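Using the working numbering, the final residue of the sequence shown is 67, and nothing's skipped along the way. Just so you know, even glycine gets a beta-carbon here, dropped at the ideal spot from N, CA and C. For clarity, every value in this text was computed on a predicted model and none was experimentally measured.
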Amino acid sequence: MSGKPQDDSLIKPARVARQFAINVRAAIADRSIREVAEVCGLEHSVVVRVLNGEQWADLVTIAKLEDGLDSDLWPRRDARG
């Protein structure tokens, strides 16, 4: 998702999605996106779209990324902008 959401009620969720993508990118570190996708059991294109903000991760994707990257990726409520 690029730019400001059309619906003002989506501004906070968009910030959470952005922080989630930042957390995923940090957890990926020096690994390739293809490697991460394979380890997490996801399509490469899904990981790319989440990282680029073109797609908001669903619960299954979040769980697979957290398990595969062995990292808590979902932003804590107190850390949300």
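Determine whether the beta carbon atoms of residue 23 and residue 10 lie at a separation below 7 angstroms. Position 37 of the sequence shown, counted from the first residue, corresponds to residue 23. Position 24 of the sequence shown, counted from the first residue, corresponds to residue 10. Contact flag unset, no.
Query raised in the report: Is the Cβ of residue 5 closer than 7 angstroms to any Cβ of chain C?
Result: Looking for chain C here will not work: only one protein chain is present.
query: Between which two residues does the alpha helix (DSSP H) carrying residue 31 extend?
result: Taking the first residue of the sequence shown as 1, we reach residue 31 at position 45. It spans 30 to 37 - the alpha helix (DSSP H) in which residue 31 sits, taken as one unbroken run.
Q | Range covered by the alpha helix (DSSP H) that runs through residue 61 | A | For the purposes of this step, residue 61 is taken as the residue at position 75 of the sequence shown. Segment: none, residue 61 is in no alpha helix (DSSP H) and carries neither H nor E.
I'd like the span of the alpha helix (DSSP H) that includes residue 54, first residue to last. To locate residue 54, count along the sequence shown from 1; it is residue 68. Secondary structure note for residue 54: its alpha helix (DSSP H) is the uninterrupted segment 45 to 55.
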